[in-house]
Amino acid sequence: MSSPAKKRKLNNAAKNEKPQSKGLEYFFSKQQQNGGSSADAPESSSADSGSAPLTDEELARKLQAEWDKEAAQMDSQEPNGGEEPTMAEVVQSEELADVEQKQPDAPAQPPPATIFGGKKTLALQSAGMDEDRITISIPLDEPPLTFEPSKYVDQLKQHWSRDGGNASYALLTRCFVLVSGTASRIKIVDTLVNCLRLLIEGDPESLLPAVWLATNSISPAYISMELGLGGSAISKALKQVCGLDSRSLKTLYDKYGDAGDVAFEAKKKQSFTLRKPKPLSIKGVYQSLVKIATTQGQGSNEVKQRIVDRLLQDARGGEESRFIVRTLCQHLRIGAVKTTMLIALSRAFLLSKPANAEYETRNIAALAKLKKEELAEVWAKAEEIVKACFAKRPNYNDLIPSLLEIGVCEELLIRCGLALHIPLRPMLGSITRDLSEMLTKLQGRDFTCEYKYDGQRAQVHCDENGKVSIFSRHLELMTDKYPDLVELVPKIRGDGVSSFIMEGEVVAVDSASGELKNFQALTNRARKDVEIGSITVQVCLFSFDLMYLNGQSLLNRPFRERRELLRSLFTEVPHCFTWVKSLDATSTESETVLDFFKSATESKCEGIMVKILDNLPDVAYIGEEIGEAKQEEPKLQISKTKAKAKGKKQPGDAESNEPAKKKSRRKALLATYEPDKRLDSWLKVKKDYNSNFDTLDLIPVAAWHGQGRKAKWWSPILLAVRNEESGTLEAVCKCISGFTDVFYKANKAFYDDGSETGEPKNTRLQMPSFIEYSGPMPDVWFEPQEVWEMAFADITLSPTYTAAIGLVSDERGLSLRFPRFLKKRDDKSIEEASTNEFLAGLWRKQEASAKTVAGTKPAEEDEDAE
C-alpha cells in the first residue's frame, strides 16, 4: 500500500492560529510513545509481527499514516487553515517549489508526491535561502518625489501582521543591499529617504531602531554599550546554524575574507533546520543587540551565544545573514555615514508623517515643479535644522521622537538644544600651512592666538547639584578617568555659577613645577575606575571656551564675550586649573605673532590656535574655498564645487570679476561657537605645518609581504584618504619608509593574517567594497581602524591611485612621492583622517606655488586664464 500524498497547507493572512510544525523530533517522540509496538501499524505491516521491532520502511509508513490522519483532522476543522511549514516540508515536488517562488500567495493545491526509484518517500527542504518577496519588489531607489509610500504601506502592514505587526528586517536589508551596491551619493540618499518614509507611515515605532542599525550603532557614544562579541561567537553560530565544520568555515573565510560574505555563502549551504524560523523584525534585531551589550556576569557568554545563534537561525536568505553578521562585527560599511543619515531624515520628514501627527508636510507635486536650485534650497534648509539639532544633542533617542511629533521646524532646535551631561559635538579648526597664510585669511580682523597644548580635549559639564561629567572630543564619557578633575570642580566654580559646560585641554604636568609633558605621558594613566590615591600622572585643565552657563546657551555669543565670562567667573588653581595662554593681535602684527608661535613650540606645545574674537559680518573673507564656504553649500550642489576645483567656469561667471564674485558668495566668518563644524573662524598652525613639510593623516588599509630581511613583516603598506561624501576610503600611496623593526613586529602582530597563529586578527583576504583601489592586489587587507601621520615630498597625478579622482582630474587620482611614516595618531579616529578634498587642496596649493616660482600667476588669479 503506497503512502498517500499529504495535503499541504499554505499561508492564510486571515488566520492567526498556526498549526504546529512537524519536525524529526515529532517522529522520534511518537516512536518512543509506541515503544516499538506494531498494534497500530498500517495494513501493509505483517500482522503477526508482535513486539518485533519494525523495519525502517515499516516505521516510515506507519509514521506517514499517523501524520496524514492528523493532517486530515486538522483540515476538516480548518478548511482554509494553517500556515505553510517552511523549514521541513514533506513529499513536495520541485515543480511546486518553482511555482511557489513565482506565486507565493497562490491558492493551496494538493502537491504530488516526490518519487525516488518509483516509491513515495519523505523529503526535507530548507527555507534558509527564502526571501521576503514582497519587500524585494518595492523600488526603494526611486527618486523620493516620484516614490509613493501609500502604494505599499497597506500591503506591508498586512504582510507584517502575520509576524507580530512590526516592520520586518527584510525591509532594512533591502535598503542596505541597494545602498551598498551603488557609489552614487544621490542614489544612497534617495534609497534611505524612501526606506525611512515607509517606516514613518507604516510603522513609526520601528524608525528609531532602524536608524540605529543603519548607522552601525545601538547607542550614542557617551553611553557605553559595546557588544563585546569576538569572532569565535559568530563562528560558532555559523557552524551550528549552517552545519559547517571548522575547516569548511575557514575555507569560506579564506575565499571571501569578509565575515558577512562568509555568512551569505554559509546560509546557502544550509540544508535544513528542525526549528521553524520566526521572521526577524527591525525592533527585534535591535533589542537583541541591546541585550547582548547589557548582559553581564556569570553565564553571560552563553546567553550572548544563544542570542547570536537565534539571529542567524531566523535570518531569511543570504542577504539578511550577511548584514546581521556585519552588524554583529560592527563593520556594516554601507556607505551611509552620519551626515548622510541626517540628510535622509530631514528629507523624509518633509515628505511624510505618521498617521497621528499634526505637522504639515511639503506638497510633493509643488516640489517636483521647482527648479534644481530651488529644490536644493528647500532640502538645505531642512538639513541645516536637523544637523544643528544633532550637533547640539547627538542622540537619535532624542531627535527621532521629536521629529515624529513635530517634523522639521524651528521648534526642533529648541527641543534638541544643549543639555547638561549630554555632550555637544565640538567645533573644529581648519588647518593652515604657515603663519603667512593665516594672517592673509584674517586681514582686517581682531583675533587671539592660543597655545595648542599636546593633551586631550575635554568637555566638562557641571549641574547645580554638583554632578560632574567629562567627555572626550569623540563624546566618550571619561569621568572615571579623571577623578582628580571631578574633585577640582567645586574649587574652580566662582560665586554665582550654578551650572556650566566648559571646554579645555587636559595636559600631563609636573605637579611641583607645572612643566608640561607630552601626550604619551598622559596615555600612561589608567582609563577606568581610577582611584585618586593611585594617580601617578598629574594633569592640569587648560580651559579655552564656555558654551553654557546657569541654564543658558552661549553658543551664539561672540568668542570675546564667552572668554570674558570664563575668566571672570572661574578661579585659577596653580598646576591644576588655568586658562590657555593667549595673545590678542591683528594681521598687521606679524612679528608679534611669530614670536608667540615660537614660544609655544618651545614650551612643548603643538603650535597655536587662532580664533576670531568678534562678529564682523561686513568684513570680506579672504580665504580659500575649503572652510566656511564648503560648510554652507547644499550637498546637491557638490558637483559645482568639484567643477570649480578643476578650474571650470560656471554659467554666469565673468572672467574679469570672478574673484570678487567668489568673495561675495561666501558668508562672513563669525565668532560664534559652531558645533560639529570645521570653519576658518578657528585656524590651527602647528609646528610641523609649513610650506616645506606637509603631513597627512592616512588610514592603513592593506599590505604586501616584505622582501629579504622584512619577509616576516608587512612592507610596503597601502594607505588611503577618506571620502567624506561616500564614506569610502581612496588609496593614495604605498609606504616603506619611517618604520623601525620594533614597529614592524608590533604591526604584524596587530594585523595578523593567521598564517602562523591560525587565527586571523584585524585582517581580511578580499578587498572590501568600501575601499577604492585599482593597482596590484595586496597580500592582505586590513580592517581600517588606525590613523597614521605621514610626511611626503610632493603630490603627483597617478593612473593607479584613486584618491581625489574627479577633483583635480577626471581620469587620474593623486598620490604621494616619498611618503614617510611619522607616528600613529592615537588621538584620532578614522572619521578624522584626512579627506580627498583636503588632499586636492594641497595639490592645488602646490601647483600654484610652482607657477609663482616660475614667474607666472596662478590660473585662478590670472585675468586672462580660461
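Under numbering that gives the first Met the number 0, think of the first position of the sequence shown as 0, with each following residue one higher. For every residue, glycine included, the Cβ atom is placed at its ideal position computed from N, Cα and C.
Integer Cβ distance of residue i from residue j, believed to fall under 8 Å
i: Leu-311; j: Val-240; result: 5 Å
i: Val-506; j: Phe-541; result: 6 Å
i: Ala-832; j: Glu-729; result: Wrong, their Cβ atoms sit about 11 Å apart, outside the cutoff.
i: Glu-353; j: Ile-469; result: Looking at the sequence provided, one finds Pro at residue 353 rather than Glu. Between Ile-469 and Pro-353 the Cβ distance is about 38 Å, and since that is not below 8 Å, they are no contact.
i: Leu-206; j: Leu-403; result: 7 Å
i: Val-496; j: Ile-607; result: Wrong, their Cβ atoms sit about 29 Å apart, outside the cutoff.
i: Arg-721; j: Ile-829; result: 7 Å
i: Leu-341; j: Lys-386; result: 5 Å
i: Leu-438; j: Ser-586; result: 5 Å
i: Pro-422; j: Gln-458; result: 5 Å
i: Ser-179; j: Ile-333; result: 4 Å
i: Gln-154; j: Ile-133; result: 6 Å
i: Leu-349; j: Ala-381; result: 5 Å
Cα-Cα separation between residue i and residue j, rounded to whole angstroms
i: Val-289; j: Tyr-221; result: 15 Å
i: Asp-462; j: Phe-499; result: 7 Å
i: Ser-320; j: Pro-767; result: 17 Å
i: Lys-337; j: Gly-316; result: 28 Å
i: Gln-214; j: Phe-837; result: Note that residue 214 is Thr in the sequence shown here, rather than Gln. Taking the straight line from one Cα to the other gives about 25 Å.
i: Tyr-168; j: Ile-611; result: 49 Å
i: Glu-846; j: Pro-798; result: 18 Å
i: Ser-183; j: Met-789; result: 30 Å
i: Val-488; j: Thr-577; result: 12 Å
i: Glu-601; j: Pro-425; result: 27 Å
i: Cys-388; j: Glu-673; result: 12 Å
i: Ala-64; j: Arg-246; result: 41 Å
i: Glu-475; j: Ser-223; result: 8 Å
i: Gln-442; j: Arg-556; result: 22 Å
i: Thr-431; j: Leu-682; result: 7 Å
i: Thr-120; j: Lys-68; result: Because Thr-120 carries a pLDDT of 38, less than 50, the predicted location of this residue cannot be relied on, and the following value inherits that uncertainty. Roughly 17 Å between the two C-alpha positions.
i: Lys-371; j: Gly-242; result: 54 Å
i: Lys-778; j: Arg-763; result: According to the sequence provided, residue 778 is Asp. The question's Lys does not apply to it. Their backbone Cα atoms lie some 10 Å apart in a straight line.
i: Asp-47; j: His-158; result: The predicted model places Asp-47 with a pLDDT of 44, which falls under 50 and marks its position as unreliable; any figure quoted below should be read in that light. Approximately 53 Å, taken between the alpha carbons.
i: Ile-491; j: Leu-177; result: 54 Å
i: Ala-702; j: Glu-771; result: 15 Å
i: Ile-384; j: Glu-409; result: 7 Å
i: Leu-545; j: Glu-449; result: 15 Å
Residues sharing a beta bridge with residue i, DSSP
i: Asp-583; result: Thr-447
i: Cys-732; result: Leu-718
i: Ser-787; result: Residue identity check: residue 787 is Trp in the sequence provided, not Ser. Leu-697, Lys-823, per the DSSP bridge assignment.
i: Trp-780; result: Ala-701, Arg-763
i: Phe-499; result: Cys-461, Leu-548
i: Met-608; result: Glu-449, Lys-683
i: Asp-793; result: Arg-816
i: Asp-751; result: Lys-760
i: Val-505; result: Gln-455, Leu-540
i: Val-572; result: Phe-576
i: Ala-418; result: Ile-421
i: Ser-867; result: Outside the modelled stretch of the chain, which goes from 0 to 865, sits residue 867, for which no answer is possible.
Where residue i falls, given that 16 or more other Cβ within 10 Å makes a residue buried
i: Ile-531; result: exposed
i: Ser-638; result: Since pLDDT at Ser-638 reaches only 38, below the 50 mark, its modelled position is unreliable, and the value read off the structure follows with that caveat. Exposed, by the Cβ-count rule.
i: Ile-323; result: buried
i: Ile-413; result: exposed
i: Met-776; result: exposed
i: Phe-596; result: buried
i: Ile-716; result: buried
i: Asn-614; result: buried
i: Lys-451; result: buried
i: Gly-646; result: Residue placement at Gly-646 is flagged as unreliable, the pLDDT there being 43, under the threshold of 50; the coordinate-derived value follows with that caveat. Its Cβ having fewer than 16 others within 10 Å, Gly-646 is exposed.
i: Ser-149; result: exposed
i: Thr-190; result: buried
i: Phe-817; result: exposed
i: Glu-724; result: buried
i: Arg-524; result: buried
Residue i at chain D interface by Cβ criterion, 8 Å
i: Leu-796; result: The structure shown contains no chain D; it is built from a single protein chain.
Length at least 4, wholly inside the stretch 806–853: the alpha helix (DSSP H) runs in chain order:
Counting only unbroken stretches of 4 or more residues, the alpha helix (DSSP H) elements lying wholly within the stretch 806–853 are 835–852, in sequence order.
Would you mind listing the alpha helix (DSSP H) stretches within the stretch 286–370 that are 4+ residues and don't spill past its ends, in chain order?
299–313, 316–328, 337–350, 363–367
Taking only runs of the alpha helix (DSSP H) that begin and end inside the stretch 226–261, which ones reach a length of at least 4 residues, in chain order?
230–241, 245–255
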